[in-house]
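Engineer: Throughout, our numbering is defined as the position within the sequence shown, counted from one, plus 96.
All C-beta atoms, glycine included, are put in the ideal place defined by N, C-alpha and C.
For clarity, every value in this text was computed on a predicted model and none was experimentally measured.
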Amino acid sequence: MALRPLRFFTGDADFIQKYYPELYRAIEPTLSEDRLLVKLNTREQWDELENLFVDEIAGSTTENGELTENGIKLESILDCA
Numbered sequence: 097m098a099l100r101p102l103r104f105f106t107g108d109a110d111f112i113q114k115y116y117p118e119l120y121r122a123i124e125p126t127l128s129e130d131r132l133l134v135k136l137n138t139r140e141q142w143d144e145l146e147n148l149f150v151d152e153i154a155g156s157t158t159e160n161g162e163l164t165e166n167g168i169k170l171e172s173i174l175d176c177a
């Protein structure tokens with residue numbers, strides 16, 4: 097059973113491609129032509145993508161452990177997706 101797709105706003109996929117290329121490589125195969133939807137077919141796909149998002153967010157911190165601007169934006173993309 098297919099899951100609902102992840103929904104991006106205009107520019108979100110470009111942001112991910114520029115700043116988080118490993119994450120982008122994971123979403124690229126199922127990214128829609130307009131770059132606004134990521135099709136998910138299984139729960140395992142969702143879990144894998146969620147883990148990649150969380151890992152990238154966790155790695156986007158300052159020396160004090162605060163999220164960087166990019167980390168905050170990536171967290172927002174995941175929350176809205």
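1) Note down the Cα distance separating L124 from I112, rounded to an integer number of angstroms.
2) Below 8 Å between beta carbons: does that hold for L133 and E152?
3) Using a Cβ-Cβ cutoff of less than 8 Å, which residues in the same chain neighbour E100 once the five nearest sequence positions on both sides are dropped?
4) Compare the beta carbon distance of G115 and N147 with 8 Å and say whether it is the shorter of the two.
5) Determine the DSSP secondary structure at L127, reduced to helix, strand or coil.
6) What are the partner residues of L99, as DSSP defines its beta bridges?
7) Measuring CA to CA, which of D110, N160, L174, F105 is closest to L145?
Structural biologist: From the atom records:
1) Residue 124 is actually Glu in this sequence, not Leu. Note on geometry: alpha-carbon atoms of E124 and I112 lie some 10 Å from one another.
2) No; because the gap between Cβ atoms is not below 8 Å, this pair is not in contact.
3) It is worth fixing the name first, because residue 100 is Arg in this sequence and not Glu. Contacts found: L136.
4) The residue asked about is misnamed: residue 115 is Tyr in this sequence, not Gly. Going by C-beta atoms, Y115 is not nearer than 8 Å to N147.
5) Judged by DSSP in its simplified three-state form, L127 adopts strand.
6) Residue pairing for L99: DSSP places it in a beta bridge opposite L136.
7) The shortest Cα separation from L145 among D110, N160, L174, F105 belongs to L174.
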